[in-house]
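Engineer: Residues are numbered in the numbering used here as their position in the sequence shown, beginning at 1, plus a constant of 35.
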Amino acid sequence: MDSKQTKDNKTCKKGVSVAICCHNSAKVLPDTLNYIKKQNVPKNISWEVIVVDNGSADNTAEVAQQCWLKDAPASLKVVSAPQIGLVYARYKAFEESRYEFISFIDDDNWVNPDWVKIIFEVMTKHPFVGACGSFVEPVFESEPPEWFESCKNAYAVGPQGKPGDITEAKGRLVGAGLTIRKDAWQQLINLGFSNMLIGHKGKSLSRGEDTELCYALRLAGWKLWYEPGLRLKHYLSSDRLQWRHLRRLRRGGGRASVAFDAYFAALNKNDRVKFKQDWKSQALVVMMSLSSQPIKLFSSFFPALEGNKEVLLIEKNIGRLLELLKKRK
Numbered sequence: 036m037d038s039k040q041t042k043d044n045k046t047c048k049k050g051v052s053v054a055i056c057c058h059n060s061a062k063v064l065p066d067t068l069n070y071i072k073k074q075n076v077p078k079n080i081s082w083e084v085i086v087v088d089n090g091s092a093d094n095t096a097e098v099a100q101q102c103w104l105k106d107a108p109a110s111l112k113v114v115s116a117p118q119i120g121l122v123y124a125r126y127k128a129f130e131e132s133r134y135e136f137i138s139f140i141d142d143d144n145w146v147n148p149d150w151v152k153i154i155f156e157v158m159t160k161h162p163f164v165g166a167c168g169s170f171v172e173p174v175f176e177s178e179p180p181e182w183f184e185s186c187k188n189a190y191a192v193g194p195q196g197k198p199g200d201i202t203e204a205k206g207r208l209v210g211a212g213l214t215i216r217k218d219a220w221q222q223l224i225n226l227g228f229s230n231m232l233i234g235h236k237g238k239s240l241s242r243g244e245d246t247e248l249c250y251a252l253r254l255a256g257w258k259l260w261y262e263p264g265l266r267l268k269h270y271l272s273s274d275r276l277q278w279r280h281l282r283r284l285r286r287g288g289g290r291a292s293v294a295f296d297a298y299f300a301a302l303n304k305n306d307r308v309k310f311k312q313d314w315k316s317q318a319l320v321v322m323m324s325l326s327s328q329p330i331k332l333f334s335s336f337f338p339a340l341e342g343n344k345e346v347l348l349i350e351k352n353i354g355r356l357l358e359l360l361k362k363r364k
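1) State the beta-bridge partners of G210 as determined by DSSP.
2) According to DSSP, is P338 helix, strand or coil?
3) By the DSSP assignment, the beta strand (DSSP E) with C57 in it spans what residues?
4) Going by DSSP in three states, I201 sits in which element: helix, strand or coil?
5) Per DSSP, which one or two residues make a beta bridge with E83?
6) Check whether the Cβ atoms of G193 and L252 sit closer than 8 angstroms, and answer yes or no.
7) Do the CB positions of S52 and R133 come within less than 8 angstroms of each other?
8) Please list the terminal residues of the continuous beta strand (DSSP E) segment that includes G288.
9) Which of the three DSSP states is assigned to L232 in this structure?
10) Using 8 angstroms as the Cβ pair cut-off and three pairs as the minimum, do the segment 256 to 264 and the segment 172 to 184 touch?
11) Helix, strand or coil: how does DSSP classify G25 here?
12) Is it buried or exposed, K315, if we count other Cβ atoms within 10 angstroms and call 16 or more buried?
13) Under the three-state reduction of DSSP, which class applies to L347: helix, strand or coil?
14) When DSSP labels each residue in this structure, what does P148 get in the three-state scheme?
15) Could you check if S138 is buried or exposed, using at least 16 other CB atoms within 10 Å of its CB as the buried criterion?
16) Whole angstroms is fine: what's the gap from F337's alpha carbon to R283's?
17) According to DSSP, is K362 helix, strand or coil?
18) According to DSSP, A268 sits in a beta bridge with which residue or residues?
19) On the DSSP letters alone, give me the boundaries of the alpha helix (DSSP H) that L319 sits inside.
20) Report buried or exposed for L64, applying the criterion of at least 16 other Cβ atoms within 10 angstroms of its Cβ.
21) From the DSSP secondary-structure annotation, give me the bridge partner or partners of G193.
22) Out of curiosity, what's the CA-to-CA distance linking I84 and I140?
23) Within 10 Å of its beta-carbon, does E203 have 16 or more other beta-carbons around it, so buried, or fewer, so exposed?
24) Kindly indicate which three-state DSSP category K258 falls into: helix, strand or coil?
25) How many angstroms separate the CA atom of A107 from the CA atom of Y270?
26) Rounded to a whole number of angstroms, what is the C-alpha to C-alpha distance between A318 and Q74?
27) Given this structure, state the Cα-to-Cα distance separating P162 from L325, to the nearest angstrom.
28) Would the segment 76 to 91 count as touching the segment 123 to 133 if we require 3 or more Cβ pairs under 8 angstroms?
29) Which residue's Cα is closest to the Cα of V146: C249, C167, V171?
30) Quick one, are the C-beta atoms of I353 and G289 less than 8 angstroms apart?
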């Protein structure tokens, strides 16, 4: 940790900022805020709640204010980030937060009563940790499909590895319930870091911004931590349990993989040869993979193959190919 980090750490207020990034969240936000109200936080821990209205077309901001009454256990601040994109909303949360640990929960996440307390304890006890992740439990609006269990990783639910330091073992954390040390974030900014991936943008299912941030933190020397005591429930609506939705998620993951190449090259010497290949060589590899199963590729566009993992691999390859073509210049 350099002198700049140490200096910033002295000026950062101890406490937890719970940030909820919202886009048209008026219907789901009340439940999320109700769970946050139930926090059991010791009096010696300062905390706040920040709702970032990310270009909503509904009354998200008004609903947030209405749900948070004067007798709420912490202060609530509603701020606007008009440029649509999850990353831009998070930038705003970092800018507005008063405390050193910023915990990002989604607008459909229901946190356990000890959330703030555990975050403060873990991040205070382990000053080398730049980001901390949680155990995510799915809650379904309707009966999940048969294929959900085998594909649940795409929905970022379940454990994130063995408890503790997962920097090398897993190397990344999911965005739901992700807590970032503000000093770590500030160090990245000071080094000139800027996200290539912006996350969900309206109805777009862009992905990878959380993984990119984790890779950047690792390159800056910070550790990643998984704390299973941090538990949240992730509400999954029926439309998100459709096969077509999962296919879109996988294609978005394929697109994001192009941006990860540079990080893999920096973190792993074995990936540097691949990174040095031009876009044509990389695109050719993907096209060869797609053309190796022409019948499966053609059949993948029909409902009969719902639940087939090879279809998801095809979607990932298509997404990667499209992004390589887009970024070829």
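No residue lacks a Cβ here, since even glycine has one placed at the ideal position from N, Cα and C. Computed from a predicted model, the values in this text were never measured in an experiment.
Structural biologist: In short, the structure shows the following:
1) DSSP output for G210 lists no bridge partner at all.
2) Residue state, collapsed to three classes: helix.
3) Counting along the chain, the beta strand (DSSP E) containing C57 begins and ends at 48 to 57.
4) Three-state result, I201: coil.
5) S52, S110
6) With respect to the 8 angstroms criterion, G193 and L252 are not classified as neighbours on the basis of their beta carbons.
7) Yes; because the gap between Cβ atoms is below 8 angstroms, this pair is in contact.
8) Looking at the DSSP string, G288 is not in any beta strand (DSSP E); the run it does join, the alpha helix (DSSP H), is 278 to 302.
9) L232: coil per DSSP, three-state reduction.
10) Too few Cβ pairs lie closer than 8 angstroms, so no.
11) There is simply no residue 25 to check, as the chain begins at 36 and stops at 364 in what is shown.
12) exposed
13) helix
14) Here P148 carries a coil assignment [DSSP, helix/strand/coil].
15) Flag for S138 reads buried.
16) Put simply, the backbone Cα of F337 is about 15 angstroms away from that of R283.
17) Residue state for K362 is assigned as coil, using DSSP reduced to three classes.
18) At residue 268 the sequence reads Lys, which differs from the Ala that was named. For K268, which the question treats as bridged, DSSP gives the partners W145, E172.
19) 314 to 326
20) buried
21) Looking at the DSSP assignment, G193 forms a beta bridge with V171.
22) One point to set straight first is that residue 84 is Val, not Ile, in the sequence displayed. C-alpha of V84 to C-alpha of I140: approximately 11 angstroms in a straight line.
23) exposed
24) strand
25) 23 angstroms
26) When rounded, the distance between both Cα atoms is 49 angstroms.
27) Their Cα atoms are separated by approximately 45 angstroms.
28) Short answer: they touch.
29) Just measuring C-alpha positions, the residue of C249, C167, V171 sitting nearest V146 is V171.
30) yes
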